[in-house]
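K.L.:
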Amino acid sequence: MEGTESMERAYSRARILVMLGIILALILVDHLNSPTFAFNSGQGNVETALTQRDETACAPCGAPCPSTRD
Amino acid sequence: MTDSAVLQPGLQQPGWQVDRFIISTALVGLALLGGLIWLETAPFMVALFAVGTMLGMALYHGAFGFTAGWRNIVVKKRGAGMRAQLLLFGVTSLIMVPMLHSGQEGLVGAVAPVGTSLVVGSFLFGLGMQLGGGCGSGTLFTVGAGNIRMVVTLVFFIVGAVLGSMNLPWWLDQPGFDPVPLVNTLGISGAILAQFVGLGLIAWWVNRIERKAHGTIERDELLWKSQGHGVLRTLLSGRWPFTWAILILAAGNALTLAIGGAPWSITFAFNVWGAKALEVVGVNMSQFEFWTWDYPAMALKDSVLTNIPSVMNFGLLLGAMLAAGLANRFNEASRNRPEGRQFLAAVVGGSLLGYGARLGFGCNIGALFSGIASASLHAWVWFASAFVGSLIGIRLRPWFRLPN
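So the protein lines, in turn, are chains A and B.
The opening residue of the first sequence carries number 0 in numbering that gives the first Met the number 0; numbering runs sequentially from there.
The opening residue of the second sequence carries number 0 in numbering that gives the first Met the number 0; numbering runs sequentially from there.
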């Protein structure tokens, strides 16, 4: 297995790291403001989505059945 | 199959060259995100993250997708890509239909209503596939492999998905009926058999087109030996024979069902990401009916790390990045920067993909692949409508300076 240090790269390493860093930061910020993080931090009476599923829905996105709509 | 995936030839170099930076970055990303998921959620989410990673590698190394497969049978009259998809559907339904009806609690299939929303949505999705340059899975794995044009498609995929979520309730009020699981009327064996007949008929039609145009049929979908390199090197650096990708993708969907309780889906995560972004800039998403339904409301409120499609998508992106690094082809598809109309195609195609996926109850993975694996009628309607949309998209591609 050989590296590609001498090959011309088609991308900027810094740009890749910045993009991935931004995505990771967004995920972290979202998580730190979530009920699951609150629950993990010891706050009771918090409803998390982890083990919940709407099995009465009519589609994977949670849409109701046409027959139940007025 | 995405545009870039089609162009991926077998490795020609005598030595095995890899992109160490991309491999290291992907592995660090997998470790960081996997660790965070482990610490903050539950072990089964880590398992799903790993399955997503495996699927990303399989999609990239197998160059397995839907867009170019559909285009190849129309334009080049070659059917290996289509037949590989049909084989994938057949193998997976053989595994998953009995799983779903084994009596095990907590397993839910990918079933959805059949009606105006489904037909219009899947038609728009098919159109968007050809303009955007990829389907749901294709867009993600090519973004993971560093394709800049597909980043544009993904951004507008998310925009379209959020718009679709705002409009879906209206579309649901148009003519349509409740889901039709084939097992309810045909039983487990009957449903599998009926689907095999359907897949066989499509395969016969594909073969007929190919034989008429070329006199013979290329059976690339049945190749199982690695070409030119040893098994281990081919496994790590690609390109995989179709059969490897078919088996891994089928196993991946079945594992997703067994671990997560529902088949593999991709595009719901795009809805969640887009809606969260809008909430950050002050939009109250609960004013839209879609976001008041239990599942979307829960997903919007809680961490993306608790949302199965999101976690699997993160794994898929990093898995494709790792695979591209191992193949030394990261960002390769972006060497020739697309000009104006090609970017416009990504914008229009991405928007249609997103809007269509929401109205059509998923993409080629959530609605078509997982839908057939769940023996749901809606998947077959989706297939037909999306193919018609794809035909129009293929006609429009030259105007957007996209090669056919």
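Each residue gets a CB set at the ideal place from its N, CA and C atoms; glycine is no exception.
All values reported here derive from a predicted model rather than from experimental measurement.
Measure the alpha-carbon distance for I187 (chain B) versus P97 (chain B) and round it to whole angstroms.
P.N.:
Your numbering for residue 187 (chain B) matches position 188 in the second sequence. Your numbering for residue 97 (chain B) matches position 98 in the second sequence. Spanning the two alpha carbons is a distance of roughly 7 Å.
K.L.:
Measure the alpha-carbon distance for W292 (chain B) versus A274 (chain B) and round it to whole angstroms.
P.N.:
Counted from its first residue, the second sequence places residue 292 (chain B) at position 293. Counted from its first residue, the second sequence places residue 274 (chain B) at position 275. Going from the Cα of W292 (chain B) to the Cα of A274 (chain B) covers about 14 Å.
K.L.:
Let me know if R210 (chain B) comes out buried or exposed under the rule of 16 or more other beta-carbons within 10 Å of its beta-carbon.
P.N.:
Here the question's residue 210 (chain B) lines up with position 211 in the second sequence. Exposed is the call here.
K.L.:
Assign K224 (chain B) to buried or exposed, taking buried as 16 or more other Cβ atoms, counted over all protein chains shown, within 10 Å of its Cβ.
P.N.:
Indexing the second sequence from 1 puts residue 224 (chain B) at position 225. With fewer than 16 Cβ atoms within 10 Å of its Cβ, K224 (chain B) is classed as exposed.
K.L.:
Quick check on G43 (chain A) - is its C-beta less than 9 Å from some C-beta in chain B?
P.N.:
On the first sequence, residue 43 (chain A) is found 44 positions in, with the first residue counted as 1. Not closer than 9 Å to any Cβ of chain B, the Cβ of G43 (chain A) fails to qualify, so no.
K.L.:
Can you name the start and end residues of the alpha helix (DSSP H) that G314 (chain B) belongs to?
P.N.:
To locate residue 314 (chain B), count along the second sequence from 1; it is residue 315. From DSSP, the alpha helix (DSSP H) with G314 (chain B) extends over 307 to 325.
K.L.:
Which residue marks the beginning of the alpha helix (DSSP H) containing F406 (chain B), and which one marks its end?
P.N.:
The requested residue 406 (chain B) does not occur in the structure, where chain B is confined to residues 0 to 403.
K.L.:
Quick one: is A385 (chain B) near chain A, going by C-beta distance under 9 Å?
P.N.:
Translated into the one-based positions of the second sequence, residue 385 (chain B) becomes position 386. Not closer than 9 Å to any Cβ of chain A, the Cβ of A385 (chain B) fails to qualify, so no.
K.L.:
When the Cα atoms are used, what is the spatial distance from I191 (chain B) to L181 (chain B)?
P.N.:
Position 192 of the second sequence, counted from the start, is the residue given in the question as residue 191 (chain B). Position 182 of the second sequence, counted from the start, is the residue given in the question as residue 181 (chain B). Each residue's Cα considered, the two are about 9 Å apart.
K.L.:
Three-state secondary structure (DSSP) at L27 (chain A)?
P.N.:
Counting from one through the first sequence, the residue named residue 27 (chain A) turns up at place 28. Note: L27 (chain A) maps to helix in three-state DSSP.
K.L.:
Quick one: which chain B residues come within Cβ less than 9 Å of S40 (chain A)?
P.N.:
Within the first sequence, the letter at position 41 stands for residue 40 (chain A). Simply none; closest approach about 10 Å.
K.L.:
For a cutoff of 9 Å on Cβ pairs, would you count I26 (chain A) as touching chain B?
P.N.:
Residue 26 (chain A) sits at position 27 when you count from the first residue of the first sequence. Chain B, which has a Cβ nearer than 9 Å to the Cβ of I26 (chain A), makes this yes.
K.L.:
Can you give me the C-alpha to C-alpha distance between I216 (chain B) and G64 (chain B), rounded to a whole angstrom?
P.N.:
For the purposes of this step, residue 216 (chain B) is identified with residue 217 of the second sequence, where counting begins at 1. For the purposes of this step, residue 64 (chain B) is identified with residue 65 of the second sequence, where counting begins at 1. Approximately 20 Å between the Cα atoms of the pair.
K.L.:
So if I threshold CB-CB distances at 8 Å, which residues from the region 107 to 118 of chain B count as touching chain A?
P.N.:
Listed by position, the residues of the region 107 to 118 of chain B near chain A (Cβ gap below 8 Å) are V107, A109, V110, A111, P112, G114.
K.L.:
Answer yes or no: does any C-beta atom of chain B fall closer than 9 Å to that of I15 (chain A)?
P.N.:
As a working note, residue 15 (chain A) is residue 16 in the first sequence. Interface residue, yes.
K.L.:
Could you give the DSSP three-state label for T3 (chain A): helix, strand or coil?
P.N.:
The residue labelled residue 3 (chain A) in the question sits at position 4 within the first sequence. Confidence at T3 (chain A) is low in this model, with a pLDDT of 47, below 50, so the placement of that residue should be treated as unreliable; the coordinate-derived value is given next. Residue state, collapsed to three classes: coil.
K.L.:
From the beta carbon of T35 (chain A), is the nearest beta carbon of chain B less than 9 Å away?
P.N.:
Within the first sequence, numbered from 1, the residue matching residue 35 (chain A) stands at position 36. Closer than 9 Å to some Cβ of chain B, the Cβ of T35 (chain A) qualifies, so yes.
K.L.:
Can you tell which of B:A109, B:A67, B:K76 has the C-alpha that lies nearest to the C-alpha of S368 (chain B)?
P.N.:
Taking the second sequence and counting its residues from 1, the one referred to as residue 368 (chain B) is at position 369. Residue identity differs from the one stated: residue 368 (chain B) is Phe in this sequence, not Ser. Of the listed residues, the one whose Cα sits closest to F368 (chain B) is B:A109.
K.L.:
Considering only their Cβ atoms, is the gap separating L29 (chain B) from L321 (chain B) smaller than 9 Å?
P.N.:
Position 322 of the second sequence holds residue 321 (chain B). Position 30 of the second sequence holds residue 29 (chain B). Contact: yes.
K.L.:
Going by beta carbon distance, what residues of the same chain come within less than 8 Å of M6 (chain A), once the five residues before and after it are set aside?
P.N.:
The sequence position of residue 6 (chain A) within the first sequence is 7, counting from 1. Residue placement at M6 (chain A) cannot be trusted, given a pLDDT of 46 that sits under 50; what the coordinates show is reported in the next sentence. Nothing listed; no residue qualifies.
K.L.:
With respect to the alpha helix (DSSP H) encompassing Q129 (chain B), which residues constitute its N-terminal and C-terminal limits?
P.N.:
As a working mapping, residue 129 (chain B) is identified with position 130 in the second sequence. Per DSSP, Q129 (chain B) belongs to the alpha helix (DSSP H) from 115 to 131.
K.L.:
With a CB to CB cut of under 8 Å and the five nearest residues on each side skipped, what residues in its chain are close to L416 (chain B)?
P.N.:
The question about residue 416 (chain B) has no answer here: the residues shown for chain B are numbered 0 through 403.
K.L.:
Could you name each continuous alpha helix (DSSP H) segment of 4 residues or more that falls completely within the region 127 to 182 of chain B, going from the start of the chain to the end?
P.N.:
Listed in chain order, they are 135 to 143, 147 to 171.
K.L.:
Hey, does L35 (chain B) have any beta-carbon neighbour from chain A nearer than 9 Å?
P.N.:
Working through the second sequence from its first residue, we reach residue 35 (chain B) at position 36. Answer yes: the Cβ-Cβ gap between L35 (chain B) and chain A drops below 9 Å somewhere.
K.L.:
Pop quiz: A57 (chain B) and G370 (chain B) are said to be a contact at Cβ under 8 Å. What is the actual Cβ separation, rounded to whole angstroms?
P.N.:
Position 58 of the second sequence, counted from the first residue, corresponds to residue 57 (chain B). Position 371 of the second sequence, counted from the first residue, corresponds to residue 370 (chain B). Going by Cβ atoms, the distance from A57 (chain B) to G370 (chain B) rounds to 20 Å, so no, they are not a contact pair.
K.L.:
From B:L317, B:A202, B:M53, pick the residue whose C-alpha is nearest to that of V27 (chain B); which is it?
P.N.:
To locate residue 27 (chain B), count along the second sequence from 1; it is residue 28. It is B:L317.
K.L.:
Would the region 252 to 271 of chain B count as touching the region 235 to 244 of chain B if we require 3 or more Cβ pairs under 8 Å?
P.N.:
Verdict: no, contact absent.
K.L.:
By Cβ distance, which residues of its chain are closer than 7 Å to P8 (chain B), with the 5 residues on each side in sequence left out?
P.N.:
Here residue 8 (chain B) refers to the residue found at position 9 when the second sequence is read from its first residue. Because the pLDDT of P8 (chain B) is 40, which lies under 50, any placement of that residue in the model is unreliable, and the number read from its coordinates should be weighed accordingly. The answer is none, since no qualifying residue turns up.
K.L.:
Applying the 10 Å Cβ sphere with the 16-neighbour rule, what's the burial state of R394 (chain B)?
P.N.:
Along the second sequence, read from residue 1 onward, the residue named residue 394 (chain B) stands at position 395. Exposed, since its Cβ has fewer than 16 Cβ neighbours within 10 Å.
K.L.:
Can you look up I216 (chain B) in the DSSP assignment and give me helix, strand or coil?
P.N.:
As a position in the second sequence, residue 216 (chain B) is number 217, starting the count at 1. Correct three-state label for I216 (chain B): coil.
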